[in-house]
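Undergrad: Sequence positions in the sequence shown follow my numbering and run 100 to 337.
Take this structure, written in structure tokens, and hold onto it; I'll ask about it next.
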Amino acid sequence: MAGSVAGSVVSTAGNVAGAAGNVAGNVAGVAGSMAGNVAGVAGSMAGNVAGVAGSVAGAAGSVAGSMANSVLQPLVFDPLRRLQQGNNPSGDLAIIDAERLWVAVDGMGGDHAPGPILEGCLRAVALLPVRVRFVAETAAVDQAVAALGLGEELAAAIGAGLIELVASGPSVGMNEEATVVRRKRDASINLAMDLVKAAEATAVYSAGNSGAVMASAIFRLGRLKGIDRPAIGALFPT
Numbered sequence: 100m101a102g103s104v105a106g107s108v109v110s111t112a113g114n115v116a117g118a119a120g121n122v123a124g125n126v127a128g129v130a131g132s133m134a135g136n137v138a139g140v141a142g143s144m145a146g147n148v149a150g151v152a153g154s155v156a157g158a159a160g161s162v163a164g165s166m167a168n169s170v171l172q173p174l175v176f177d178p179l180r181r182l183q184q185g186n187n188p189s190g191d192l193a194i195i196d197a198e199r200l201w202v203a204v205d206g207m208g209g210d211h212a213p214g215p216i217l218e219g220c221l222r223a224v225a226l227l228p229v230r231v232r233f234v235a236e237t238a239a240v241d242q243a244v245a246a247l248g249l250g251e252e253l254a255a256a257i258g259a260g261l262i263e264l265v266a267s268g269p270s271v272g273m274n275e276e277a278t279v280v281r282r283k284r285d286a287s288i289n290l291a292m293d294l295v296k297a298a299e300a301t302a303v304y305s306a307g308n309s310g311a312v313m314a315s316a317i318f319r320l321g322r323l324k325g326i327d328r329p330a331i332g333a334l335f336p337t
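Written out as structure tokens, the structure is:
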């Protein structure tokens, strides 16, 4: 009887081992199948992500090209062509007074302002479809006009409605901290920004302290929706 019981136990153990082997085989099969499916999904996702990235890059390139045509062409390359033609623009570059845009110019911005800035503005209104609101300290403008002999030319431009002089307070120096625009509320760069805010000018031009220009623009005009930190762009002609 002991031998029969022992044989039964051995037989049962063998059945259990066989079942365990079947379960292990099934688990291994399921794991292999899952691994294959995961690899397939991962490959598909990688392909989709690469496709989306390519699509986004293509769209960005298209937008950049469109901006180059709609923004850079009229604002950068057309003025360069006008300057190259000198005092006799013709054809599609002929100036139509009704299409002139008002530009607020920081007359005190720059190492040698306001003289060279005023000279540039007088040339600009003769060659470009713009009018200038020249924001600067009155005494400094008077000295520059006398020193450079610009009296008649400036008077003619003012008479033609191409230039307006806007008196400002103490200006922001090239080496001053950008935040000084908070204290010098009547500085030329601040008043120039105010002209844009009041819709009395379309744009601001300044050759002065770039940090102060950025700070003044943020404080006076604010940021575009969704923009936390404005950037300074640069043009590299080729």
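Even glycine gets a Cβ: it sits at the ideal position worked out from N, Cα and C.
1. From this set, E263, A314, A330, which residue's C-alpha is nearest A300's C-alpha?
2. Which residues in the same chain have their Cβ closer than 7 Å to the Cβ of A235, if we skip the five residues on either side of it in sequence?
3. Among L294, K324, H211, which residue has its Cα nearest to the Cα of N308?
4. By Cβ distance, which residues of its chain are closer than 6 Å to R199, with the 5 residues on each side in sequence left out?
5. Under 8 Å by Cβ, that's how I've got I194 and V204 pegged, so tell me the actual separation to the nearest angstrom.
6. Whole beta strand (DSSP E) runs in the stretch 262-305 with 3 or more residues, listed along the chain?
7. Within the chosen definition, does the stretch 271-284 reach the stretch 310-327 through at least 3 CB pairs nearer than 8 Å?
8. Using C-beta distances below 7 Å, list every residue in its chain close to T278, excluding the 5 sequence neighbours before and after it, in chain order.
9. What's the call for L221, buried or exposed, on a 16-neighbour Cβ count within 10 Å?
10. Keeping to the same chain, check which residues put their C-beta closer than 6 Å to that of T237; ignore five residues upstream and five downstream.
11. If I follow the unbroken beta strand (DSSP E) through A235, where does it start and stop?
12. Closest to K296 by C-alpha separation, out of E275, W201, A197, would be which residue?
13. Report yes if the CB atom of L261 is closer than 8 Å to the CB atom of V303, and no otherwise.
14. From A239 to A316, what does the alpha carbon distance come to, in whole angstroms?
15. Which term fits K324, buried or exposed, when burial requires 16 or more other beta carbons within 10 angstroms of its beta carbon?
16. How many Å lie between G258 and E252 at the Cα?
17. With DSSP as the reference, label D210 as helix, strand or coil.
18. Start and end of the beta strand (DSSP E) containing A203?
TA: This is what the structure holds:
1. Considering only alpha carbons, the answer is E263.
2. G206, M207, P213, S267, S287
3. Closest in alpha carbon position to N308, among L294, K324, H211, is H211.
4. P228, V229, R230
5. About 18 Å; that fails the 8 Å criterion.
6. 262-266, 302-304
7. yes
8. A314
9. buried
10. A266
11. 229-235 is the span of the beta strand (DSSP E), which, as asked, contains A235.
12. It is W201 whose Cα lies nearest to the Cα of K296.
13. no
14. For A239 and A316, the gap between their C-alpha atoms comes out near 24 Å.
15. exposed
16. 10 Å
17. coil
18. 200-205
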